[in-house]
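Read the structure below first, then the notes.
Residue numbers (this note's numbering): 103 to 253.
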């Protein structure tokens, strides 16, 4: 990577997909303020923030899927991170002060059927990660991301 990974988009919704881009979001241990969940299973501090790479969304768009930042329900769309290559326990330090710890690989959900019924099969392995909030604060697009590998 020639440059630091960055946040491309910060996304929230009252529940469900797509999530819409916002200029900034306050982050607590519960997640992004103003972001809701239609399914109770997602309402846990261990899944406070969902992260996916814009490169994966670009690839999927090239394969004919109508996806962009927030479309798959992620809170943070990143560039240059390669989040799927990271591991549980890895930490992301954002230049604005927020710190996240990766907790769970994201699995495709039937909610993606609203975009395309085949999407949940083709997105396997490039669906991103859930994270818990270690240090709350505010997140905005353009922030740099430093990765601290676990162990």
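Cβ atoms here follow ideal geometry from the backbone N, Cα and C, with glycine treated the same way.
Where residue i and residue j are concerned, what is the direct C-alpha to C-alpha distance, given to the nearest angstrom?
i	j	result
residue 120	residue 106	27 Å
residue 128	residue 200	10 Å
residue 184	residue 207	13 Å
residue 166	residue 224	11 Å
residue 186	residue 132	23 Å
residue 246	residue 197	5 Å
residue 220	residue 137	26 Å
residue 192	residue 218	31 Å
residue 125	residue 164	27 Å
For residue i, does the count of other Cβ atoms within 10 angstroms reach 16, so buried, or fall short, so exposed?
i	result
residue 104	Note on residue 104: pLDDT 48, under 50, position unreliable in the model; no value is reported.
residue 233	buried
residue 250	exposed
residue 189	exposed
Cβ atoms of residue j and residue i: under 8 Å apart, would you say?
i	j	result
residue 154	residue 230	yes
residue 205	residue 149	yes
residue 248	residue 181	no
residue 109	residue 159	no
residue 174	residue 134	no
residue 202	residue 169	no
residue 216	residue 171	no
Can you tell me where the alpha helix (DSSP H) holding residue i begins and where it ends?
i	result
residue 157	156-164
Just curious, the beta strand (DSSP E) that residue i is in, first and last residue?
i	result
residue 111	108-114
- Message: So within the region 181-241, which uninterrupted alpha helix (DSSP H) runs reach at least 4 residues, ignoring any that extend past its ends?
- Response: Annotation note: the region 181-241 contains the following uninterrupted alpha helix (DSSP H) runs of length 4 or greater, listed N- to C-terminal: 221-224.
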